[in-house]
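To start, the structure itself, in structure tokens.
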Amino acid sequence: MNYLKMKLLLLILIIGGSISCSLGVEPLESLASQRGGKEKTACQLAGKADPSEDVKRNHMNMMEKLREYDENYLQPAADSKQNIDGNFRHNEIRMRRLLQKGPVTPSGGSVSSISIPGIEGLMASVKRKSVEDPSGEPLPMQKQRRENGSVTANESVACVHDVSYPEGYIPPPRPGFSVHKDSKPVKEFPFTLDPFQSEAIKCLDNGESVMVSAHTSAGKTVVALYAIAMSLRNQQRVIYTSPIKALSNQKYREFKEEFSDVGLMTGDVTIEPNSSCLVMTTEIWRSMQYKGSEITREVAWVIFDEVHYMRDRERGVVWEESIVMAPKNSRFVFLSATVPNAKEFADWVAKVHQQPCHIVYTDYRPTPLQHYIFPAGANGLYLVVDEKGKFREDSFQKALNALVPKSEGEKKRENGKWQKGLVVGKIGEESDIFKMVKMIIQRQYDPVILFSFSKRECEFLAMQMAKMDLNEDDEKVNIETIFWSAMDMLSDDDKKLPQVSNMLPLLKRGIGVHHSGLLPILKEVIEILFQEGLIKCLFATETFSIGLNMPAKTVVFTNVRKFDGDKFRWISSGEYIQMSGRAGRRGIDDRGICILMVDEKLEPPTAKMMLKGSADSLNSAFHLSYNMLLNQMRCEDGDPENLLRNSFYQFQADRAIPDLEKQVKVLEEERDSMIIEEEDNLKNYYDLIQQYKSLKKDVCDIVFSPKYCLPFLQAGRIVCLQCTGINESSPSFSIEDKVTWGVIINFDRVKSFSEDDASRKPEDSNYTVDVLTRCVVSRDGIAKKNIKIVPLKESGEPLVVSVSISEITSLSSARLYLSKDLLPLEVRENTLKKVLEILSRNPTGLPLDPEGDMKIQSNSYKKAVRRIEALEHLFEKHEIAKSPLIEQKLKVLHKKQELTSKIKSIKKTMRSSTSLAFKDELKARKRVLRRLGYVTSDDVVELKGKVACEISSADELTLTELMFNGVLKDIKVEEMISLLSCFVWQEKLQDAAKPREELDLLFSQLQDTARRVAKLQLECKVQIDVENFVSSFRPDIMEAVYAWAKGSKFYEIMEITQVFEGSLIRAIRRLEEVLQQLIQAAKSIGETELEAKFEEAVSKIKRDIVFAASLYL
0 MNYLKMKLLL LILIIGGSIS CSLGVEPLES LASQRGGKEK TACQLAGKAD
50 PSEDVKRNHM NMMEKLREYD ENYLQPAADS KQNIDGNFRH NEIRMRRLLQ
100 KGPVTPSGGS VSSISIPGIE GLMASVKRKS VEDPSGEPLP MQKQRRENGS
150 VTANESVACV HDVSYPEGYI PPPRPGFSVH KDSKPVKEFP FTLDPFQSEA
200 IKCLDNGESV MVSAHTSAGK TVVALYAIAM SLRNQQRVIY TSPIKALSNQ
250 KYREFKEEFS DVGLMTGDVT IEPNSSCLVM TTEIWRSMQY KGSEITREVA
300 WVIFDEVHYM RDRERGVVWE ESIVMAPKNS RFVFLSATVP NAKEFADWVA
350 KVHQQPCHIV YTDYRPTPLQ HYIFPAGANG LYLVVDEKGK FREDSFQKAL
400 NALVPKSEGE KKRENGKWQK GLVVGKIGEE SDIFKMVKMI IQRQYDPVIL
450 FSFSKRECEF LAMQMAKMDL NEDDEKVNIE TIFWSAMDML SDDDKKLPQV
500 SNMLPLLKRG IGVHHSGLLP ILKEVIEILF QEGLIKCLFA TETFSIGLNM
550 PAKTVVFTNV RKFDGDKFRW ISSGEYIQMS GRAGRRGIDD RGICILMVDE
600 KLEPPTAKMM LKGSADSLNS AFHLSYNMLL NQMRCEDGDP ENLLRNSFYQ
650 FQADRAIPDL EKQVKVLEEE RDSMIIEEED NLKNYYDLIQ QYKSLKKDVC
700 DIVFSPKYCL PFLQAGRIVC LQCTGINESS PSFSIEDKVT WGVIINFDRV
750 KSFSEDDASR KPEDSNYTVD VLTRCVVSRD GIAKKNIKIV PLKESGEPLV
800 VSVSISEITS LSSARLYLSK DLLPLEVREN TLKKVLEILS RNPTGLPLDP
850 EGDMKIQSNS YKKAVRRIEA LEHLFEKHEI AKSPLIEQKL KVLHKKQELT
900 SKIKSIKKTM RSSTSLAFKD ELKARKRVLR RLGYVTSDDV VELKGKVACE
950 ISSADELTLT ELMFNGVLKD IKVEEMISLL SCFVWQEKLQ DAAKPREELD
1000 LLFSQLQDTA RRVAKLQLEC KVQIDVENFV SSFRPDIMEA VYAWAKGSKF
1050 YEIMEITQVF EGSLIRAIRR LEEVLQQLIQ AAKSIGETEL EAKFEEAVSK
1100 IKRDIVFAAS LYL
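The opening residue of the sequence shown carries number 0 in numbering that gives the first Met the number 0; numbering runs sequentially from there.
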């Protein structure tokens, strides 16, 4: 079809109103929208068209679509070049280096018969392959898009530009735009800049700080490149900081190819440290500031990449310290994902550094996203949020209705564990994950990233795909060439590691795995292959969403719940935004596809919060540490209180006070309007009820702890349980709970899906019990389903419901023989009739005696029972118990008590906000330092304090105490290395072997020292859990690290421990970091003997695969 006919067809389609094509997968809805259907989602600048001018606007939209089509059809779009140039440029040198080596076999022999193409040949060889279409020919429209090189319109996209000024600041007069209109920029880009990039660059040209907040893959690095170019032109020093070492390595390679005067400092590697542009981790930058490095006095610009990391609980404080302590004459570039409170952050920077800070914000996605749900056990996708951001309620309900219930979708694996249909389908059928990937490949929606929240699940799911082959023969040759060329830097023994040998067959099939447990060199090879289109299907953990721009066409979430270290919860909207941002390649795809695999009921509000919610706010995670305090005391102009005063935490607390005052006023007015008769007497009765319920709960917690109740949860046992709604709860003020009866069908352990869940003992786990009882089922509107447990004699239907153990009030000694099939309604009704017959003869239900039958001899149980009996006696005599409307009065009083508690809580927050944040904790920590002899009474840092100043990668107090107690001096180097591994290993291992006797004795000394340090902190009023602190030092890899220090091969130490290879390497590298800090500590106090010992330790562990050079360097 010629150009004019195509244009005429597009015009007809536009007039027709919509551009879409059906994909034929029911209920797949409009999964392939044409390029003209994009709608701006960014926030608009002032001056947009009057919404009343409908005809004019429609005409302009139509012409814009035609103009957009012209640009796409006649020439590659500018943003296509922006994406392609950015992705390929920084890989080209690295790829040439790997390819030019020639293919290398595991034994080191060269395969001379294979011709090796250059980078152009490699990219030309990347073809699409359908599972059922051996020709691999793309659809006509998709083929046309790839030939054009672009499907994204180069349209003008608006952004918000705001600026924060410090108090009392008078902006200087600025020359008009026309003055600079013809001046040549310090760096030109081979593509048209987006508005947010242009706005940010104008701020840099004016010499003012800027925060750029935009989605993943929007092109924020352009601003960093311009700042670097500007600094180099002006012969100034510029610092680029990133949150992780791997990203620093990648950025170093990218910048080195763009500018020659670039260095790298990550702790592991130092390259050209005197360069004008230095790439480093944020921790290194903070350390340089504390040490008063000469470099800090020369810095003109500091670029903080991924600054939203500041909300990280453990490491976020590093960003706050670095920003507060940054040189006052420096300027900043902050690159962040979208955050709703970017203005607040800029206000803080402006206040701390007394300089303007601009905010350039856009929520525009270069490639719009469509969000689908794939219900477990179903056969299709359901579009729930379209590319315009509209939530489709009807489609969402269809998806939930198609969800196969859990009991039908589960299949038992050989090892006895239950696994959902995600992996194992019905006999003879494909699993859900296999069907999903197959559909994606067939419809050419690859490359696809499948996110999982477990390292082991990533690998397990990837192995399920092993029978798929997604690559052509020439692609396999290129993969093998690149793979063995990269592995060539490893020894022959390391090349035989299972992780290395098992990965290549998967990679050749176009399937990859990426998680923190992989060997670092393997991760980098997989990243390179994915960027070059040689991996079509990548199973990755959440960490893959951070770092270089590595987008895919499709992103799949294999689960929408994750374990966050405390509990199992839905993923937040911020986490979803970060990961889904990998979907859609700018200039290549007309839209990105996000698919959520859902295996349990999901309420519409939860789904909307996840899919359409705002990004997580940038809130301070500031906390005090001893290293921070000591470094502040040691610095000439350091002041811990000044750091606290200037922290983002204090800034946010101060700013919240006016709103808190308003809340208190409203709550007090509401509370004071509640007038209750005999309030004092009623209050006394209310307090007795609360005590009674608390004691009853204590008793139930003991009786129904798994240790005592698990042996009695057999199928058929009659139980007494509370009559409460499954999806609702309201406070009761009666001392007698409304209860009913039921029959146990089954019980199950609640899985947390955390990495260490398998290691948890049965008595430490939570359980749910499936009980057959009488229920009433109702619905709120279309979506919400309410199940209420009611007494057996009331109307309702017999249902099996899953309840927590805490909802059971007593266990009966009576048991029923259950039918094998409880599906028929009649069988369930007859079962409940038998329960009623037993209760008619024995109204108490023949309860088990906790002391006699269940053998509970706990003193706390007996004491609680005696107090309950005493309270029951008081209730009988209380004068208000017979008062009319007692229940209603208690409800009003309860509401009043809740308001009083809220008021007290808010006032407490206000008091802590008006005073200096952490003031009490600061005093307590200073008290600890004085008692341990780290500082004098005048806060002058002593010898021990100087050592602790240098230690930032381990617990500084415990390690310093071990050093000064002579423990590290008196033991062998290998034993010292093994002992120090306890400071850097944080993962929990299942059934970890106990270390040998001499190492175990050292670990006991470490525990004793840690316990002494923790108890001292507790005495000084520092909030700390002594046992948790002691247990944070883990001996799990002591044996493996000892063997490594003795010279064992890596494959040999992997036979000693069960950990992932990448996790062990990361621990040993961090251990080397601690040793380097100890070298500096020993040097600072003149301990030459210890300094030499630490240096020897470094030489013993710094070798082979553990410290293999990065492919990016």
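Note that the Cβ used here is the ideal one computed from N, Cα and C, for glycine as well.
For clarity, every value in this text was computed on a predicted model and none was experimentally measured.
TODO: Classify GLN235 as helix, strand or coil using the three-state DSSP reduction.
DONE: coil
TODO: Decide if the segment 519-534 is in contact with the segment 1104-1112; the criterion is three or more beta carbon pairs, one per stretch, under 8 Å apart.
DONE: yes
- [ ] Just tell me which of VAL940, LYS792 and SER1030 has its CA closest to the CA of ILE1084.
- [x] VAL940
Open item on the list: Suppose contacts are defined by Cβ-Cβ distances below 8 Å. Is SER572 in contact with MET596 by that definition?
Closed with: no
Task: Other residues of its chain near VAL776: CB distance less than 6 Å, five sequence neighbours each side excluded - done: ILE786
Open item on the list: Tell me the rounded alpha-carbon separation between VAL512 and THR281.
Closed with: 28 Å
TODO: Compute the Euclidean distance between the alpha carbons of VAL802 and LYS611, then round it to the nearest angstrom.
DONE: 31 Å
Task: ALA349, enclosing alpha helix (DSSP H) - first and last residue - done: 341-352
Task: For ILE478 and LEU506, believed in contact at Cβ under 8 Å, the rounded distance - done: 5 Å
Open item on the list: What would DSSP say about SER109, mapped onto helix, strand or coil?
Closed with: Confidence at SER109 is low in this model, with a pLDDT of 31, below 50, so its placement is unreliable and the value that follows should be read with caution. SER109: strand per DSSP, three-state reduction.
- [ ] Sort out for me which residues DSSP pairs CYS356 with in a bridge.
- [x] SER163 and SER208
Open item on the list: On the DSSP letters alone, give me the boundaries of the alpha helix (DSSP H) that PHE433 sits inside.
Closed with: 431-441
Open item on the list: For LYS1048 and LEU821, I'd like the C-alpha separation in whole angstroms.
Closed with: 58 Å
Open item on the list: For the pair the segment 495-505 and the segment 217-227, tell me if three or more CB-CB distances fall below 8 Å.
Closed with: no
Open item on the list: To the nearest angstrom, how far is the alpha carbon of THR302 from that of LEU334?
Closed with: Before going on, a small fix: residue 302 reads as Ile here, not Thr. Their Cα atoms are separated by approximately 8 Å.
TODO: Give the DSSP-derived three-state secondary structure of ARG926 in the structure shown.
DONE: helix
Open item on the list: I need the straight-line Cα distance from LEU666 to VAL891, nearest angstrom please.
Closed with: 15 Å
Open item on the list: Tell me the rounded alpha-carbon separation between VAL826 and SER818.
Closed with: 7 Å
TODO: Buried or exposed for ALA1091, please, with buried defined as at least 16 other CB atoms from any protein chain shown within 10 angstroms of its CB.
DONE: exposed
Open item on the list: For LEU402 and GLU599, what's the separation of their Cα atoms in angstroms?
Closed with: 8 Å
Task: Extent of the continuous alpha helix (DSSP H) run through ARG330 - done: It is not in any alpha helix (DSSP H) - ARG330 instead sits in the beta strand (DSSP E) that spans 330-335.
Task: Cβ pair LEU1015, VAL934 closer than 8 Å - done: no
Task: Member of ASN233, LEU246, VAL162 and GLN443 whose CA lies at the smallest distance from the CA of GLU207 - done: VAL162
Task: 8 Å contact criterion, which SER247 and LEU263 should meet: CB distance rounded - done: 7 Å
- [ ] Write down every uninterrupted run of the alpha helix (DSSP H) in the segment 506-584 whose length is 4 residues or greater and which is fully enclosed by it, in chain order.
- [x] 519-530 and 572-579
Task: Contact the segment 1026-1038 vs the segment 971-985: 3+ CB pairs below 8 Å - done: yes
- [ ] Assign PRO504 to one of three DSSP states: helix, strand, or coil.
- [x] helix
Open item on the list: Can you confirm whether the segment 318-330 touches the segment 542-557 when touching is taken to mean that 3 or more C-beta pairs between the two stretches lie within less than 8 Å?
Closed with: no
- [ ] For ASN785, write down the residues that DSSP places opposite it in a beta bridge.
- [x] SER777
Task: Boundaries (first-last residue) of the alpha helix (DSSP H) holding SER286 - done: 281-289
Task: Distance, THR772 Cα to ILE788 Cα - done: 7 Å
Open item on the list: So for PRO809, helix, strand or coil by DSSP?
Closed with: The question names Pro, but residue 809 is Ser in the sequence shown. In the structure shown, SER809 sits in a strand (DSSP, three-state: E or B).
TODO: Could you have a look at GLY1061 and say whether DSSP puts it in helix, strand or coil?
DONE: helix
Open item on the list: For a test of the three-state rule: what should DSSP assign to GLN1006, helix, strand or coil?
Closed with: helix
Task: SER672 versus ASP679: straight-line alpha-carbon distance, rounded - done: 17 Å
Task: For GLN1022, the three-state DSSP class (helix, strand or coil) - done: coil
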